[in-house]
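Novice:
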Amino acid sequence: MEVFAEYLAHIDNPQHRERTEEVLDWITRKFTNLKPKIAWNQPMFTDHDTFIIGFSIAKHHLAVAPESAGINHFSDEIVQAGYDHTKQLLRIRWDRPVDFSLLEKMIEFNILDKEDCSAFWRK
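Plus 157 on top of the position in the sequence shown (first one is 1) and you've got the numbering used here.
(1) Cα separation between F188 and D273?
(2) Under 9 angstroms, do I249 and A222 count as touching if we go by C-beta distance?
(3) Pick helix, strand or coil for S258, following the three-state DSSP scheme.
(4) Of the choices I184, L269, K216, whose alpha-carbon is the least far from that of P171?
(5) Pairs of beta-carbons, one from the stretch 169-183 and one from the stretch 252-264, closer than 8 angstroms: are there three or more?
(6) Could you tell me the distance, in whole angstroms, from the CA atom of S118 to the CA atom of I195?
(7) Counting only runs that start and end within the stretch 195-220, where is the beta strand (DSSP E) found for 3 or more residues in a row?
(8) If contacts are defined as beta-carbon pairs under 8 angstroms, then F231 and W278 qualify, I think. What distance do you get, rounded to the angstrom?
(9) Do I168 and I264 have their C-beta atoms closer together than 9 angstroms?
(10) Secondary structure at I168, three-state DSSP: helix, strand or coil?
(11) Return the bridge partner residues of K187 from the DSSP annotation.
(12) Can you say whether K244 is buried or exposed, counting buried as having 16 or more other CB atoms within 10 angstroms of its CB?
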């Protein structure tokens with residue numbers, strides 16, 4: 158989690174910082190094969206130098222970016238979890254619980270789907 162320390166320190170709202178740290182820490186512990194990093198000023202995780210999932214914060218939510226393939230694949234589950242989404246990200250409102258099982262499925266999907274991917278982003 159040291160890689161995210163500076164990013165987390167700049168989150169002014171303590172509840173938002175704690176929630177973000179909770180999610181990043183959970184991924185770090187659950188997916189030990191993923192590399193945590195900061196790129197484009199955002200925390201993200203990669204596998205063999207390909208993007209798996211990234212995060213950003215906003216006033217009302219934590220944004221989760223599994224690429225559009227992840228959003229498309231899990232669109233129904235995202236809505237069932239009570240989150241809204243765009244083509245590229247889903248929004249977890251600060252006042253809503255994190256559906257860790259959904260995050261786990263998205264991450265596992267991207268790891269498997271991008272197993273033979275040599276580019277950072279899907280083409």
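From the three backbone atoms N, C-alpha and C, an ideal C-beta is built for every residue, glycine too.
Specialist: A quick look at the data gives this:
(1) 18 angstroms
(2) no
(3) helix
(4) K216
(5) yes
(6) Only positions 158 to 280 of the chain appear in this structure, which leaves residue 118 out of reach.
(7) 199-204, 207-214
(8) The pair is not a contact, with the Cβ atoms about 18 angstroms apart (cut-off 8 angstroms).
(9) no
(10) coil
(11) Paired residue(s): none; K187 is not in a bridge.
(12) exposed
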